[in-house]
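One structure is given below, encoded as structure tokens.
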Amino acid sequence: MGLAREKKRLALLIIKIVPVRNLCNKLCKRKDFSSIFTSYLHKFSKMFPISPLWNSTFAHYHIYMKNYFIVFAFAFFLISCSNNGNENDDNGKVEPTANLAPVIVNYSVVNVFPHDTSAFTEGLLVHDGQLYESTGGQAQSNDFKSWFGPVDIKTGTFQKKVMLDTSYFGEGINILRGKLYQLTWQSHIGFVYDAKTFKKIKDFPITGEGWAFTNDGTNLIMSDGTSNLQYLDPETLKVLKIVGVQDNNGPVGNINELEYIKGYIYANQYGTSYILKIDPASGRVVGKLDFTSLENELKIKHPGALEMNGIAYDSAANKIYVTGKAWPNLYEVRF
Ligand SMILES: [Ca+2]
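Using my numbering, read the sequence shown as starting at 3 and increasing by one per residue.
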């Protein structure tokens, strides 16, 4: 058996592996499988270079190599298909291996409305076309008070204020299936009200701090000041799951006011002028809206304006509103 024939048989062997590699690619749906496989194929070829010694025992080596390759192929098939929590979601959706930096999401201001400067905004939402806002305040913490209620968007005035007991610092609110849910900051307690009468129905325990609320149509989603989003069952108020928010630099903390818009969670990040666009399935920050210039301009004119906080989505009218604590303006934005 000559060297040329050995090369031919080796070439045939590699060709046979190509369909295996393609099959693995299709099954694994992992873009870097080919490069991983090719890399190890190259290393293996170096370990077993074509040699004249094979003349006498090529058949033996051939079988040995074939088996070795098959083992390699399936070993890396299994490795590449192992789910590390980032690459494949439950629906088999393909995610890039690299955790890319969030893209900048551009926006434009399409309307400016008045906003109550006595409102230390903690929650903002639109339900059935009605704007609702909740505020945070407590004598030992700031000069504001805690309440929630419907707001006349054109005047910025609260049509009704449901005052929170002064022993609590109010935080975010949300409305889901006829109930209004209210968080408190560090008291580990939240409250459930009838969304129409605002009559208190019950309270519930909060794990960690309570910062803000939204919902995805099924569950409540709560921020707690960390990088975590807690999914709560709206009936039992039990924590169903926790999604960690992260970008290309790791966990993203201080997640504050929330809004679920067209399949993504948008979140103010406390202490920044950003609204983050978060993929609920992975927790990954996929986009970022930068309100720095808008906030700076506002604060030059109105030095009493505090942190940006509050984002609301009117799904029926397809309108998005943002504001901040003690801001004189509520902005309708488009992005
Ligand atoms: Ca909101």
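Glycine included, each C-beta is placed from N, C-alpha and C at the ideal position.
query, result
"DSSP-derived helix/strand/coil call for Lys156", "coil"
"Beta-carbon spacing of Ser148, Leu166 below 8 Å", "yes"
"CB-CB length for Leu231 against Val241, believed under 8 Å", "Not quite, the Cβ-Cβ distance comes to about 11 Å (not below 8 Å), so this is no contact."
"Contact test: Gly172 Cβ vs ligand 1 heavy atom, cutoff 7 Å", "no"
"is_contact[Phe146, chain D] using C-beta, thresh 8 Å", "Among the protein chains of the structure shown there is no chain D, as only one such chain exists."
"Backbone secondary structure at Ser295 - three-state DSSP", "helix"
"Outcome for Gly312 when other beta-carbon atoms lying within 10 angstroms are tallied against a minimum of 16", "buried"
"Straight-line Cα distance separating Ala103 from Pro253", "13 Å"
"DSSP state of Lys147 mapped onto helix, strand, coil", "coil"
"Alpha carbon of Gly94 to alpha carbon of Glu299, nearest angstrom", "Note that Gly94 scores 36 on pLDDT, short of 50, meaning its location in the model is unreliable and no value can be drawn from it."
"Backbone secondary structure at Lys301 - three-state DSSP", "helix"
"Distance CB(Phe171)-CB(Leu182) smaller than 8 Å", "no"
"Chain-order list of residues whose beta-carbon lies under 7 Å from that of Thr123 (same chain, five-residue window excluded)", "Glu135, Thr137, Asn311, Gly312, Thr325, Gly326, Lys327"
"The beta strand (DSSP E) enclosing Lys279, as first and last residue numbers", "276-280"
"Contact under 8 Å by Cβ, Asp292 with Ser317", "no"
"Beta strand (DSSP E) segment containing Asn348, residue limits", "The requested residue 348 does not occur in the structure, where the chain is confined to residues 3 to 337."
"Cβ neighbours of Thr157 in the same chain (closer than 7 Å, five flanking residues each side left out)", "Pro116"
"Expected contact under 8 Å - CB spacing of Asp218 and Pro282 to nearest Å", "7 Å"
"Residue interval of the beta strand (DSSP E) (run including Phe206)", "202-207"
"Cβ-based neighbour list, Phe178, same chain, cut-off 6 Å, excluding 5 preceding and 5 following", "Rather than Phe, the amino acid found at residue 178 in this sequence is Leu. Asn217, Pro236."
"Straight-line Cα distance separating Asn101 from Ser169", "43 Å"
"Member of Tyr233, Asp196, Ile203 whose CA lies at the smallest distance from the CA of Thr209", "Tyr233"
"Ala214 versus Ser110: straight-line alpha-carbon distance, rounded", "25 Å"
"Neighbourhood of Pro152 by C-beta distance below 8 Å, restricted to the same chain and skipping five residues each side", "Gln132, Leu133, Tyr134, Phe160, Gln161, Lys162"
"Reduced DSSP category for Arg179 - H, G, I as helix; E, B as strand; rest coil", "coil"
"Simplified DSSP assignment, three categories, for Gly273", "coil"
"Gln140 in three-state terms, based on DSSP", "coil"
"Classification of Ala121 by the beta-carbon crowding that lies within 10 angstroms, buried from 16 upward", "buried"
"Rounded straight-line distance, which links the Cα of Gly306 to that of Ile191", "30 Å"
"In DSSP terms, what Val125 is bridged to", "The identity of residue 125 in the sequence shown is Gly, whereas the question assumes Val. Answer by DSSP bridge pairing, in chain order: Ser136."
"Rounded distance between the beta-carbons of Ile257 and Ser284, thought under 8 Å", "No, Ser284 and Ile257 are not in contact; Cβ-Cβ is about 15 Å, not under 8 Å."
"One or two residues paired with Gln184 in a DSSP bridge", "Ile175, Phe193"
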